[in-house]
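Student:
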Amino acid sequence: MAYPTQKLLVALALLGGGLSVASAAQAESLAATAVALCAGCHGADGNSVATAFPKLAGQQKKYLLRELMDFKSGKRASEIMAPVMATLSENDLTELAVYYARQKPAPGVVGDPALLALGKDLYLKGNSKTDVPSCESCHDETGNGDGKFPRVAGQHVDYTLDQFRLYAAGKRTNGARVMQAVAERMSEQEARAVAEYMASMP
Amino acid sequence: MKLKPTLIAVVLSALAAHPASAEFQRQPRVSGIETYGYKWNPSDQDMNKALAYKANAKKGRATYKICKGCHQADGSGLADASYPQLAGQHASVIIKQMMDIRAGRRDNPRMYPFSGEWIVSAEEIADIAAYLNQLPPPAGNGKGDGANLALGKHLYDQDCASCHGKNGEGDAKKFYPMVAHQHFAYLKRETRESRDQGRRNTNPDMVKVLKNYSDADVAAVSDYLSRLTLPKK
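In order, the protein sequence lines correspond to chains A and G. Going by my numbering, the residue at position 59 of the first sequence is 59; the numbering climbs one at a time, nothing skipped. Adding 202 to a residue's 1-based position in the second sequence gives its number in my numbering.
1) Would D329(G) be called buried (16 or more neighbouring beta carbons within 10 Å of its own) or exposed?
2) How would you write the range of the alpha helix (DSSP H) that C365(G) sits in, first residue to last?
3) What are the uninterrupted segments assigned as beta strand (DSSP E) that are 3 or more residues long and contained completely in the region 353-429 of chain G, given in chain order?
4) Is there a Cβ of chain A sitting closer than 7 Å to that of I296(G), yes or no?
5) Any contact between the region 334-344 of chain G and the region 283-292 of chain G? By contact I mean 3 or more CB pairs, one from each, below 8 Å.
6) Suppose the cutoff is 7 Å on Cβ atoms and the five residues either side in sequence are ignored; what does the same chain contact list for S317(G) look like?
7) Three-state secondary structure (DSSP) at N127(A)?
8) Just to confirm the assignment, what range does the alpha helix (DSSP H) spanning M179(A) have?
9) I'd like the ranges of any beta strand (DSSP E) spanning at least 3 consecutive residues and lying wholly in the region 23-49 of chain A.
10) Applying a beta-carbon distance threshold of less than 8 Å, which residues of chain G neighbour G126(A)?
11) Tell me which residues of the region 314-346 of chain G have at least one Cβ-Cβ distance to chain A shorter than 8 Å, keeping chain order.
12) Listed in chain order, which residues of the region 128-142 of chain A have Cβ atoms closer than 8 Å to some Cβ of chain G?
13) On the three-state DSSP scale, how would you describe L15(A)?
14) How would you write the range of the alpha helix (DSSP H) that L65(A) sits in, first residue to last?
15) How big is the Cα-Cα spacing for L118(A) and A193(A)?
16) List the residues of chain G whose Cβ lies closer than 8 Å to the Cβ of V178(A), in chain order.
17) Between A181(A) and chain G, is there a C-beta pair that is closer than 7 Å?
18) Is the CB of L389(G) under 7 Å away from at least one CB in chain A?
19) Please state if the CB of A374(G) and the CB of S440(G) are separated by a distance shorter than 7 Å.
20) Any beta carbon of chain A sitting closer than 7 Å to that of S284(G)?
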């Protein structure tokens, strides 16, 4: 897979100028970079089509930047993301996080509406029998997240489930490790239900 | 090349070589009341750091986010003893208990993963404790059946009030918890555990008092405690 390096370098040169406010041209270059580098998997506007790849549109900027940095450093392991991040500076990653945070998220797709009631209950109240905290306390009642806590509303069920599995297996260890304990404690059905409920949130 | 992206992702996640599951989630265990020469409330670096720090309740409100998924937005926990009531509790008590869980002096494997420095720093724990301390204690905490309140009062006045206070207010300076407004089921379980030395960070003076208590005595005193109320701050 070849990246359009020249375009990227131009964009990087512009971004690296130390200007705090990006001009319209720079913003356009950045969008072009994002599209060129990321769109194949994450969609031009951050609304990915393939359900294994997360939607980034409307994601929390702070969270997104942390994840991008962690992919770059290897703290979050991904053989897909690591080589892409290696070509970008911290400044580029900041700009990308800003870009995706500004995009309009598309509604998610629910696969199994029968699970929504259980998912909603778990999302809002948790399960005190197994000490699963509610999701809303960190990710907000709306699913929009907050700063370092990611937006989960409208996310692909497959991606969310994949992350739960990685957390539970101790394979995703970056960030605060709250999610590892949470994912480990959820049953398969609870994980599916809450992923469906997240997908259903606008 | 047209491979299904899902397939690629699955293969790649399976390949990712990483530390095996969750060893950091296993709570350490240090010696406690079951050990000869046990010293209650030993000096603890993290605890001293949290106690010395000038806590900020406003910041604590934001950090409490992580806790409220279980302990509830108003700090009141759940009456069935799954989560204790924390609103209005002394900051020093919350800090001590958190650090005891963190260090393995109080066994709580369910709470442990949320107590670590990877989630909350000593300073953040102090902020959270300051925030909880200024919340109003709930009136609607879980109560017992009310059958043996006279016995409960008698036992409390005789054995407990000298440390936990006439109204169950505890003593912040001595790390004695406020027991008023706590859930009956939680009080009953923790008192019993203290008696049986399962609560390994228990004050030995508590054990001396409790060792002659029957389960019915524990229930009676817990019921009485759950009905104590503090004057509004």
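We put the CB at the ideal spot given by N, CA and C, even for glycine.
Tutor: Once the coordinates are examined:
1) buried
2) 363-366
3) none
4) no
5) yes
6) M300, I303, R304
7) strand
8) 178-185
9) none
10) G271, C272
11) P315, F316, G318, W320, I321
12) S128, K129, D131, P133, S134, C135, E136, S137, C138
13) Here L15(A) scores only 41 on pLDDT, less than 50, and its place in the model is too uncertain to base an answer on.
14) 61-73
15) 6 Å
16) I268, P315, F316, I321
17) yes
18) no
19) Residue 440(G) lies beyond the range of chain G shown here (203 to 435); nothing can be said about it.
20) yes
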